[in-house]
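Numbering (our numbering), first residue to last: 116 to 666.
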Ligand code: GLC
Ligand code: CA
């Protein structure tokens, strides 16, 4: 079993910076246009182990298991193998070993809510009503008029209702996503045991943890009732199966105990819920359910200091003792940061905002997960109608990684499964690698600074009061030092008086870095001036007095 080389220790998942790889889109090694595991191994230098690497501490791999790809791998047909398009188990072991040698932990995606309809369990389950696997899935009789048992809808609007009639056996099966993804019945002890074996299979191989897909909806109410629609997506009444079955939490506790039998393993859950109280419940009492839950509240926050300040205040208040936040800016289901912040009339502005957001993500209390390509400022790729492949419109944020300016962007020598964005000619790793002012340069500096700063990777959080209203500011404090961030979300420059700021901080502020290239320090001796969409980092003490030309 391969184990990582890393100084971060058991709490690596709190202190480290993690990076999400969507295997199809990261690096193709054999010219079939589809990214694969050997491709990822070949690109590890970009992530860590070299002087000019990004410097991340762990990767989350989206599914690479055998799959008919109705949902690009989130429809799993075998939980303990590798799809031939992605490689072999040996390729996986090689990836794991090479990553561990560089101090990169590896977490894999666990998809417990549903399987593929081609999984042997489902093929058996649908064979007859008395098949021993029948009860592994959620079946229900039609209502008297033949209609589905209740009004639950799939998460994907295009799929419509969450029930499909199995003609042969005359019952409906539940699918919270596509028809090819039947939901498992988590009340069945056989399902629980099967998943414990799956967890152990990967833990015994040496993986460092799991990202749990749809962690908030696995266990359905036995009655298949009791759901009041909620507005989880603005303007859309969520008619999915409920997400508050108490048994869900018992399941997560049992997995936490299983993980605790091993050393230094973790679980991060996809908890796509926007009710803060429900959301934090997935941490349990603080250290007995999920280690981390992806918090999607930033994705909905308007570009305003107050909005971000409020999100952080809410979760700082509600998270139980011992729990650690995990804010999300982008992933394979959501637009990339630059595209979210794009203003039609001012493309440069979106880039500035993405830089500010990067500084925020990497300095808040919480574990950053960077989605591949964000570190070079990729935008959502344009997808012509005839190239659309995803049922839920998520192709733009999944376009191939842009390594260089060549035809295949360094991603492939063949025809890429999704079009390579035209911007790859200018926005790519190669072009940014040695440019400190580039997005990559900023990410690298932020990650390196964070790693060296106990205040940033583990310290407490305190908002700074009394700043101009467009400015969100906070202090991260540890016993050995403190760091403050000032973020101007407004359209106009903001001036923060040094004496006032230092009164609030309780320390003399030394300039560390700005998201604006070329800025070397505070704008005048008496104040920090921030341009629109500029972020600053300030540390306790900063440069020694004599070297600070501005004082
Ligand atoms: C999660 C995944 C998403 C997938 C869905 C069904 O939301 O992130 O990509 O489509 O689950 O597995
Ligand atoms: Ca390939």
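Glycine included, each C-beta is placed from N, C-alpha and C at the ideal position.
Any non-hydrogen atom of ligand 1 within 6 Å of residue i CB
i	result
residue 423	no
residue 329	yes
residue 194	no
residue 292	yes
residue 186	yes
residue 751	Since the first residue shown for the chain is 116 and the last is 666, residue 751 is missing from the structure and cannot be characterised.
residue 189	yes
residue 448	yes
8 Å contact criterion, which residue i and residue j should meet: CB distance rounded
i	j	result
residue 186	residue 284	That belief does not hold up - the Cβ atoms of residue 186 and residue 284 are roughly 24 Å apart, past 8 Å.
residue 299	residue 559	42 Å between Cβ atoms; not a contact.
residue 177	residue 191	Wrong, their Cβ atoms sit about 12 Å apart, outside the cutoff.
residue 646	residue 631	6 Å
residue 404	residue 368	6 Å
residue 195	residue 345	No, residue 195 and residue 345 are not in contact; Cβ-Cβ is about 36 Å, not under 8 Å.
residue 748	residue 449	No information on residue 748 is available, as it lies outside the stretch 116 to 666 that the chain covers here.
residue 579	residue 589	6 Å
residue 429	residue 391	5 Å
residue 147	residue 529	6 Å
residue 410	residue 329	16 Å between Cβ atoms; not a contact.
Heavy atom of ligand 2 within 6 Å of residue i beta-carbon
i	result
residue 224	no
residue 603	no
residue 145	yes
Own chain partners of residue i with C-beta closer than 6 Å, once the 5 adjacent residues on each side are dropped
i	result
residue 359	none
residue 395	433 and 434
residue 274	293
residue 716	Since the displayed the chain opens at 116 and closes at 666, residue 716 lies outside it and no answer follows.
residue 131	123, 172 and 173
residue 596	570 and 655
residue 326	175, 222, 224 and 383
residue 539	517 and 524
residue 562	132 and 170
residue 322	221 and 223
Local Cβ density within 10 Å of residue i, reported as buried at 16 or more and exposed below that
i	result
residue 586	buried
residue 527	buried
residue 385	buried
residue 118	exposed
residue 184	buried
residue 261	exposed
residue 232	buried
residue 308	exposed
residue 549	exposed
residue 614	exposed
residue 296	buried
residue 204	exposed
residue 475	buried
residue 514	buried
residue 650	buried
residue 335	buried
residue 541	exposed
Contact set for residue i: own chain, Cβ-Cβ below 7 Å, skip 5 residues either direction
i	result
residue 239	246 and 248
residue 453	465, 466, 469, 492 and 494
residue 347	353, 388 and 389
residue 268	275, 276, 277, 354 and 355
residue 458	464 and 465
residue 398	404, 405, 408, 434, 435 and 438
residue 557	470, 473 and 630
residue 155	136, 138, 141, 142 and 210
residue 456	418, 465, 468 and 469
residue 572	130, 565 and 566
Contact with chain C by residue i, beta-carbon distance below 7 Å
i	result
residue 334	The structure shown has no chain C; it contains just one protein chain.
Cut-off 8 Å between Cβ atoms - residues of its own chain near residue i, not counting five sequence neighbours on either side
i	result
residue 303	250 and 251
residue 163	169, 170, 171, 172, 217, 218 and 219
residue 669	With the chain running from 116 to 666 in the structure shown, residue 669 is simply not present.
residue 661	Confidence is the limiting factor: at residue 661 the pLDDT is only 37, short of 50, which leaves the residue's position unreliable, though a coordinate-based value still follows. Around residue 661: no qualifying Cβ.
residue 125	378 and 379
Residue i CB to nearest heavy atom of ligand 3 below 6 Å
i	result
residue 149	With respect to small molecules bound, the structure shown includes ligand 1 and ligand 2 and not ligand 3.
| For the segment 185-257, which segments carrying the alpha helix (DSSP H) assignment without a break, of at least 4 residues, lie completely within its bounds, in sequence order? | Qualifying alpha helix (DSSP H) stretches, in chain order: 204-216 and 235-240.
| request: Could you name each continuous alpha helix (DSSP H) segment of 4 residues or more that falls completely within the segment 582-643, going from the start of the chain to the end? | output: For the segment 582-643, the continuous alpha helix (DSSP H) assignments of 4+ residues that do not extend past its boundaries occur at 613-620, in sequence order.
| field | Ordered list of alpha helix (DSSP H) runs contained in the segment 425-503, each at least 4 residues | value | DSSP runs (the alpha helix (DSSP H)) wholly in the segment 425-503: 452-455 and 462-478.
| field | Complete alpha helix (DSSP H) runs within the segment 337-423 (minimum length 4 residues, chain order) | value | The segment 337-423 contains these whole alpha helix (DSSP H) runs: 361-375, 391-395 and 412-415.
| request: Identify every run of the beta strand (DSSP E) within the segment 258-313, keeping only runs that are complete inside it and at least 3 residues long; order them along the chain. | output: For the segment 258-313, whole beta strand (DSSP E) runs of length 3 or above, ordered along the chain, are 278-281 and 286-289.
| query | Whole alpha helix (DSSP H) runs in the segment 122-146 with 4 or more residues, listed along the chain? | reply | Listed in chain order, the complete alpha helix (DSSP H) runs (minimum 4 residues) inside the segment 122-146 are 127-130.
| message | For a minimum of 4 consecutive residues, which ranges assigned as the alpha helix (DSSP H) are wholly contained in the segment 520-592? | response | Entirely contained in the segment 520-592, the alpha helix (DSSP H) runs reaching 4 residues are, in chain order, 544-547, 554-567 and 569-573.
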